[in-house]
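Below: one structure, written as structure tokens.
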Amino acid sequence: MREVQGYPHPLGVTIGKDRMNFAAAVPEGKPCQLMLYRSGMEEPEHVFDLPAEKAVGEVRFLALEGLDAGEYEYLYQVDGKPWIDPYVKELAGHHIFGQKEKLSDGHLRGKVSIGDFDWEDDQRLLIPYHEVIAYSLHVRGFTMHSSSKVKHKGTFLGIVEKIPYLKELGINQIQCMPVYEFEEYHGNYQNYWGYGRGLYFAPKAAYSASGCAACELKEMVRACHSAGIEVVLETPFAAGILPQMALECLRYYMLEYHIDGFVVNPYNVPWEMLTRDPLLKGVKIMKKEDGFQNVMRRFLKGDEGMVNDVIWALRHNTNEDGCCNYITTHTGFTLADLVSYDGKHNEANGENNQDGPDYNYSWNCGVEGPSRKKTVTQLRRNQVRNAFFLLLLAQGTPCLLAGDEFGNTQSGNNNVYCQDNELSWLNWNKLKNQEALFKYVKALIALRSSHPVLHRSDLLSGLDQTACGTPDVSYHGENAWRIPAEIASRQLGILYSGNGLGDQDCFIAYNMHWETHAFALPTLGKRKRWYQAMGTQEGVLEEEKLLEDQKMMELAPRSIVLLLGRETKEEVKCGQGNRKEEGYKRK
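Spelled out as structure tokens, the structure:
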């Protein structure tokens, strides 16, 4: 091994044909040394000075020849204290989740990632935004519970084992909470979610089964891509991160790990810098905003004066601003808890229930917490179905919270950031008891996917864009073509025109009131009739049901119905008992 001339860029460790380059930004005037350790050894085998007078700006650097990268770990010493490279690509000595050591502790060292992996011609999937069905999960919490029945619990490989489940549900994108190395304790509180300062370039070793986090993250991405599922990483970054470092991090994961997209915090990194970067063009750069969530939660529980906001939320094209639609996410209640609790119950967090959001726009349906009352449980079941209807039949990209599709609960805790236990892990036993809900969500996803009119790529204008006599979207109530926007209104009918898309007309009637309401049905073209395809209470009908009254429909309290406009084989005289056609079986 010998030292040769190095170069100051890029930062971190770069492996060349016959040499390795080390570059690190060190404050001016502070002494710095690079220490190389044989893997597992306590004392450094080689120590190299990085003098300030040879720096370029604040960057110290050197290159080494004859170094077997796989046999060594490295650490810097700055001003006499151990300092780990913020650009480190893999970390040694941190394989068990829940360790209390700081990332600055001297016994944590960097590994040199060699990058030898067979991608088998894998490529990013580039699924259009309007075709994405996203699913937000925590890598550890997704499979850590014993009921997950996977071999590699709480790891990247555990997700691989659940790919058949995701495919069956209809998911084609997973959004993973932070997967980089982060400190698992902030003071006395565990940092289960992974927010805050981290080693952003290094996949979390505790999320790997073998200790090789880089290998297993790549295995997960490759397996997901093979199944038609994109992988998006939540990378919020801590406040104060250098914008250039954030940009380099996203570029690295895109190039090295074939990551399809990122959810970033636009308050911590410049949004325009990321979205305009030429290397990241085609990569999904997203952010979280709770506008859709708050509107739909309030509409769901029956707040007045929501109709105009609901119209905006249902037609909003999220591709325009890099957002997803969600009703629940990791911050706040799960969907089962949203309809079971009026207030948060975070006592287990040890902060006197002061943590977590105070305004959840939730409703317990009459009883706080678990209940065996039939009227309460039926209403909650109904509200959960309504919530999925609101989410999955809105324009834009929907994102489900993992476990909502089988009634996962956190017992009213809306901020499980510090709970690495069964409170925050998905309990897959719920799936056995909530199979009907799972099938309902699966059918809704399939219905959305089969009708282009329900997930358009373009922005709805409310105009007749195809010159066929019908606008692309229109709004109705007790009277056709009239928005029921009165302050007391809690109902809305929406007609999506299938003209120009090769699709049927779709009419969705929403009644979030606690009373029955009538809806005027827009008149269809000649030989077309309205058929009910799905409803909150009925679920997906095996045979689409021809409506006897083609002019008016009554909708039960707190329910939603989807109608499809079909051509009939024969003329049908509705409401006179001589119908020749009862309905079409679903394909």
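Counting in full-length UniProt numbering, the sequence shown runs from 1 upward without gaps.
Cβ coordinates follow ideal geometry from the N, Cα and C atoms, glycine included.
Bear in mind the structure is a predicted one, so any value in this text is a computation, not a measurement.
Is it true that the CB of residue j sits closer than 9 angstroms to the CB of residue i?
i           : j    : result
L91         : A202 : yes
E170        : S559 : Position check: residue 170 holds Gly in this sequence, whereas Glu was assumed. Their beta carbons are not under 9 angstroms apart, which means G170 does not touch S559 by this criterion.
residue 590 : I327 : Outside the shown range of the chain, which is 1 to 587, sits residue 590, and nothing can be said about it.
Y192        : D420 : yes
G322        : M273 : no
N308        : A480 : no
Y531        : R566 : yes
S136        : I174 : yes
G12         : D85  : yes
F388        : Y341 : no
Q395        : H130 : yes
K402        : L423 : Strictly speaking, residue 402 in this sequence is Ala, with Lys absent from that position. Not in contact: A402 and L423 (Cβ atoms no closer than 9 angstroms).
D464        : Q410 : no
R298        : Y207 : no
N349        : N408 : no
C224        : C324 : no
P243        : V264 : no
N172        : I127 : yes
N413        : H345 : yes
G462        : V453 : no
L447        : M553 : no
K442        : E101 : no
Express the C-alpha separation of residue j and residue i in angstroms, rounding to a whole number.
i    : j    : result
Y87  : L75  : 12 angstroms
L524 : G502 : 16 angstroms
L103 : Q190 : 14 angstroms
E184 : T536 : 42 angstroms
L279 : G93  : 33 angstroms
G110 : S362 : 46 angstroms
P10  : F61  : 10 angstroms
G577 : A488 : Low confidence applies to G577: its pLDDT is 38, below 50, so where it sits in the model is not reliable enough to give any reading.
I494 : C215 : 48 angstroms
F22  : D116 : 20 angstroms
T466 : G498 : 10 angstroms
R222 : I483 : 48 angstroms
G366 : G302 : 14 angstroms
L217 : R251 : 16 angstroms
E478 : A518 : 6 angstroms
D549 : T377 : 32 angstroms
R197 : E256 : 22 angstroms
L460 : M296 : 19 angstroms
G568 : G539 : Just to set this straight, residue 568 is Thr in the shown sequence, not Gly. Distance between the alpha carbons of T568 and G539 is about 23 angstroms.
N360 : F333 : 8 angstroms
Can you name, in chain order, every residue of its own chain whose Cβ lies under 7 angstroms from the Cβ of residue i, other than the five neighbours on each side?
i    : result
R19  : V4, A63, L64, E65
R124 : H258, D260
D118 : none
E58  : A25, V26, P27, E28
R385 : Y440, T536
A52  : E28, G29
P471 : G462, L463, D464, S497
L314 : A394, Q395, I494
Would residue i be called buried (16 or more neighbouring beta carbons within 10 Å of its own) or exposed?
i    : result
E276 : Before going on, a small fix: residue 276 reads as Arg here, not Glu. That one is exposed.
A238 : exposed
C468 : exposed
L50  : buried
E230 : buried
V339 : buried
L233 : buried
E405 : buried
E544 : buried
V283 : buried
Would you mind reading off the limits of the beta strand (DSSP E) that contains residue i?
i    : result
L547 : L547 -> no beta strand (DSSP E), and no H or E assigned at all.
G412 : That residue, G412, is in no beta strand (DSSP E); it is neither H nor E in DSSP.
Y234 : Sequence inspection shows Glu at residue 234; the Tyr mentioned does not correspond to that position. Where E234 is concerned, the enclosing beta strand (DSSP E) stretches over 230 to 234.
E181 : 180 to 182
D49  : 46 to 49
P203 : 198 to 203
Quick check: does the Cβ of residue i come within less than 8 angstroms of any heavy atom belonging to the ligand GTP?
i    : result
R372 : What this structure holds is no ligand at all, so the ligand GTP is not there to describe.
Determine the extent of the alpha helix (DSSP H) in which residue i is found, giving its start and end residues.
i    : result
T143 : 139 to 143
Y257 : 243 to 257
I311 : 307 to 315
R380 : 374 to 392
W271 : 271 to 276
Given residue i, which residues of its chain have a CB within under 6 angstroms of its CB, disregarding the five upstream and five downstream residues?
i           : result
residue 646 : For residue 646 there is no data in the structure shown, the boundaries of the chain being 1 and 587.
F507        : L495, L563
N511        : Q491, H517, L555, S559
S364        : As written in the sequence, residue 364 is Asn, which differs from the Ser given in the question. Within the same chain, N364 has close Cβ partners S340, Y341, D342.
A509        : G493, F519, L555, V561
Once you ignore the five residues that flank residue i on each side, which residues in its own chain have a CB closer than 8 angstroms to its CB?
i   : result
Y37 : E43, P44, E45, Y72, E73, Y74, L75, R109
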